[in-house]
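Shown next, in structure tokens, is the structure this report addresses.
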Amino acid sequence: MLPEFNLLTPQTLAEALDMLAESAPDAVPLAGGTNLIVDLRDRRQCPAVLVNVAELAELRGIRQENGHVVMGGGTTIAEMLNDPLIAQHAPVLQDAARIFANPLVRHRATVAGNLVYGSPAANTPPPLLVLDAEVELASQAGVRRVPLDDFLVGVRETACRPAELLTAVRWPTPAQHSAAAFRKVGLRKSDAIAVLNVAVRVTQRADGVCEQTRIALGSVAPRVIRARAAEESLLGQPLTETAIAEAARLAAEATRCISDIRGSADYRRRVTEVLVRRLLTQVAGEVK
Amino acid sequence: MQPKVVTLNVNGRQHYVALMPNVTLLHALRDLGYTDVKSGCEKGDCGACAVLLNGAPVNSCLVLAWQADGAEIVTNVGLGTMDRPHVIQEAFADAGAAQCGYCTPGMVISAKALLDRCPHPTEAEIREAIAGNLCRCTGYGQIIEAVQLAAERMSEGSGE
Ligand SMILES: Cc1cc2nc3c(=O)[nH]c(=O)nc-3n(C[C@H](O)[C@H](O)[C@H](O)COP(=O)(O)OP(=O)(O)OC[C@H]3O[C@@H](n4cnc5c(N)ncnc54)[C@H](O)[C@@H]3O)c2cc1C
Ligand code: FES
Ligand code: FES
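Going down the list, the sequences are from chains V and X.
Numbering of the first sequence is given in the numbering used here, commencing with residue 39 and proceeding in unit increments.
Numbering of the second sequence is given in the numbering used here, commencing with residue 16 and proceeding in unit increments.
Written as structure tokens, this is what we have:
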């Protein structure tokens with residue numbers, strides 16, 4: 039049995055924001071329920087009011103706008119996997135979607151729920167971080183945009199305020215000469231919580247000199263992090279084996295791993311280094 | 016908490032039911048007699064409760080019944096019955112893919128969703144399609160064979 043709560047079903051975004059504001063902080067949005075219903079069952083959360091945002095049209099759809107890809111917060115992981123715009127401009131996000139849970143969960147789970155839940159093991163933050171994504175947050179007070187890197191705060195902690203909805207995720211359409219890659223390490227192929235997640239993106243000049251690097255690491259700190267020192271070490275450099283090895287070492291240094299049932303801190307740190315090295319080597323070869 | 020009357024279209028039949036907001040689609044369906052939808056973990060881990068919701072395979076234990084108001088729901092018995100089995104169900108029987116049978120309705124739903132979109136799946140695609148369905152009996156081998164068999168029979172035109 040689930041605990042008792044009231045369930046409100048707004049027809050529009052404005053109505054949803056009013057409902058949330060009226061009952062804040064006792065009201066929480068419900069999207070795919072793949073985190074929230076499980077938490078309710080385990081009594082980890084007992085909100086008095088749920089506001090069903092799963093059907094809101096304003097939270098759906100993926101489009102291009104002023105050099106950006108804009109993806110509604112209500113986009114499901116399954117939709118992400120099948121979307122031609124994402125396939126063209128963010129295949130790295132599809133790599134993460136492909137290993138996300140299993141098909142049954144993917145048809146309900148939304149990107150907003152994945153980001154707002156604030157799990158350090160979540161699969162969409164690493165690719166979205168390397169794409170320089172921002173989140174759009176709406177409340178009765180209006181809309182604000184926050185870089186994803188500032189949005190993620192700690193374990194189960196984000197910059198999303200009570201009565202705010204994550205309406206969209208947006209990122210600049212990546213340059214032609216940019217390539218990205220994602221890898222998740224799990225205890226088995228499908229349906230496993232990440233032991234760690236790594237995403238990288240590199241933009242290179244025609245002569246091979248690196249113009250921009252992004253490295254994002256999941257499950258190695260209280261939130262999904264960027265390895266900034268490692269990113270900066272590659273700036274203005276050709277992506278040689280030595281430069282990549284040094285960046286990978288710096289990335290591993292940026293981690294604050296814990297040991298748990300899925301892996302030891304030491305294992306995570308070492309695999310981080312190996313994966314960052316492999317992914318950087320892979321994308322260095324792919325950039326046009 | 017106040018009940019509300021919701022419309023559930025299950026296997027082509029319309030039901031109007033008064034339900035509390037905290038009732039999951041899984042329990043709403045079982046209470047309506049669709050006991051082919053099984054309760055396993057009720058946390059999204061096992062897939063025993065899988066149904067098609069507007070054509071998409073989902074865990075009914077993670078959907079609130081109110082969220083399915085007006086939706087089209089298909090359960091395992093909506094595909095076929097003992098007298099008139101669906102090709103997939105027949106293939107499960109012929110391949111010995113059901114032992115205790117608890118996972119079978121959910122497996123059949125995941126297989127149906129796969130074959131609808133991908134009529135000639137590879138073994139890897141079948142494994143991926145049932146990644147959210149746990150089976151504690153068969154070791155999955157016969158289940159994968161059953162889906163392969165169903166795919167073959169469907170493409171031979173003996174299906175649907
Ligand atoms: C079996 C299983 C396997 C899983 N595997 C993975 C996996 O491999 N990788 C992974 O990353 N996750 C996984 N998850 C976790 C979960 O599926 C994801 O985090 C999912 O994206 C959550 O989205 P949801 O729509 O279901 O959110 P919900 O459960 O509805 O909500 C989650 C949180 O987000 C809030 N919220 C939802 N929408 C909004 C919004 N628009 N604005 C503001 N707040 C909002 C809710 O209030 C709640 O706090 C798994 C879960 C299960 C049950
Ligand atoms: S009962 Fe729904 S997934 Fe286990
Ligand atoms: S046949 Fe018993 S769980 Fe699959």
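Beta carbons: idealized from backbone N, C-alpha and C, even for Gly.
Quiz prompt | Secondary structure of residue 222(V), DSSP reduced to three states | solution = strand
Practice problem: Return no unless some Cβ of chain V is closer than 8 angstroms to the Cβ of residue 200(X). | Solution: Residue 200(X) lies beyond the range of chain X shown here (16 to 175); nothing can be said about it.
Quiz item: Is residue 54(X) near ligand 2, in the sense that its beta carbon is under 7 angstroms from a heavy atom of that ligand?
Solution: yes
Quiz item: Can the beta-carbon of residue 140(V) be found closer than 8 angstroms to that of residue 56(V)?
Solution: no
Exercise. Assuming residue 293(V) and residue 258(V) form a contact by the criterion Cβ under 8 angstroms, report the distance between their Cβ atoms to the nearest whole angstrom.
Key: 4 angstroms
Quiz item: In the region 134 to 161 of chain X, which residue ranges form an unbroken alpha helix (DSSP H) of at least 4 residues, counting only runs that do not cross its ends?
Solution: 138 to 144
Quiz item: How would the residue list near ligand 3 read, in chain order, if you kept each one whose beta-carbon is closer than 5 angstroms to any heavy atom?
Solution: 114(X), 115(X), 117(X), 118(X), 150(X), 151(X), 152(X)
Exercise. Mind checking who residue 209(V) pairs with in its DSSP beta bridge?
Key: 107(V)
Quiz prompt | Backbone secondary structure at residue 174(X) - three-state DSSP | solution = Confidence at residue 174(X) is low in this model, with a pLDDT of 45, below 50, so its placement is unreliable and the value that follows should be read with caution. Three-state result, residue 174(X): coil.
Self-check item: Where the beta strand (DSSP E) containing residue 253(V) begins and where it ends
Solution: 248 to 256
Self-check item: Beta carbon of residue 99(V) nearer than 8 angstroms to that of residue 148(V)
Solution: no
Practice problem: Just the C-alpha distance for residue 131(X) and residue 125(X), rounded to the nearest angstrom, thanks. | Solution: 10 angstroms
Quiz item: Just to check, is the beta-carbon of residue 158(V) closer than 7 angstroms to a non-hydrogen atom of ligand 1?
Solution: no
Practice problem: Verify the CB distance criterion: does residue 194(V) have a CB-CB separation below 8 angstroms to chain X? | Solution: no
Practice problem: Assign residue 324(V) to buried or exposed, taking buried as 16 or more other Cβ atoms, counted over all protein chains shown, within 10 Å of its Cβ. | Solution: exposed
Quiz item: So with Cβ pairs under 8 angstroms, would you call residue 34(X) a contact of chain A?
Solution: Note that chain A does not occur in the displayed structure, where the protein chains are V and X.
Quiz prompt | Contact under 8 angstroms by Cβ, residue 253(V) with residue 300(V) | solution = no
Self-check item: ligand 2 heavy atom lying under 7 angstroms from the CB of residue 140(V)
Solution: no
Quiz item: Given a limit of 9 angstroms on CB to CB distance, which residues of the region 222 to 237 of chain V reach chain X?
Solution: 227, 228, 229
Quiz item: Taking Cβ-Cβ distances shorter than 9 angstroms, what residues in chain X pair up with residue 43(V)?
Solution: 16, 36, 37
Quiz item: To which residues does DSSP link residue 301(V) through a beta bridge?
Solution: 298(V)
Quiz item: Can you give the Cα-Cα distance for residue 333(V) and residue 107(X), rounded to whole angstroms?
Solution: As displayed, chain V neither begins before 39 nor continues past 326, which places residue 333(V) out of reach and without an answer.
Quiz item: What is the DSSP secondary structure of residue 31(X), counted as helix, strand or coil?
Solution: strand
Quiz prompt | Buried versus exposed call for residue 62(X) [16 or more other C-beta atoms within 10 Å across all chains shown] | solution = buried
Exercise. Please decide whether residue 115(V) counts as near chain X, where near means a Cβ-Cβ distance under 8 angstroms.
Key: no
Exercise. Kindly indicate which three-state DSSP category residue 54(X) falls into: helix, strand or coil?
Key: coil
Quiz item: Taking any Cβ of chain X, which residues in the region 144 to 155 of chain V have a Cβ under 7 angstroms from it, in chain order?
Solution: 145, 146
Exercise. Please report how far the alpha carbon of residue 283(V) lies from the alpha carbon of residue 74(V), in whole angstroms.
Key: 41 angstroms
Self-check item: Continuous alpha helix (DSSP H) stretch holding residue 88(X): start and end
Solution: Per DSSP, residue 88(X) belongs to no alpha helix (DSSP H); it is in the beta strand (DSSP E), 87 to 89.
Quiz item: Beta-carbon of residue 51(V) versus every beta-carbon of chain X: anything under 8 angstroms?
Solution: no
Quiz item: When the Cα atoms are used, what is the spatial distance from residue 290(V) to residue 187(V)?
Solution: 19 angstroms
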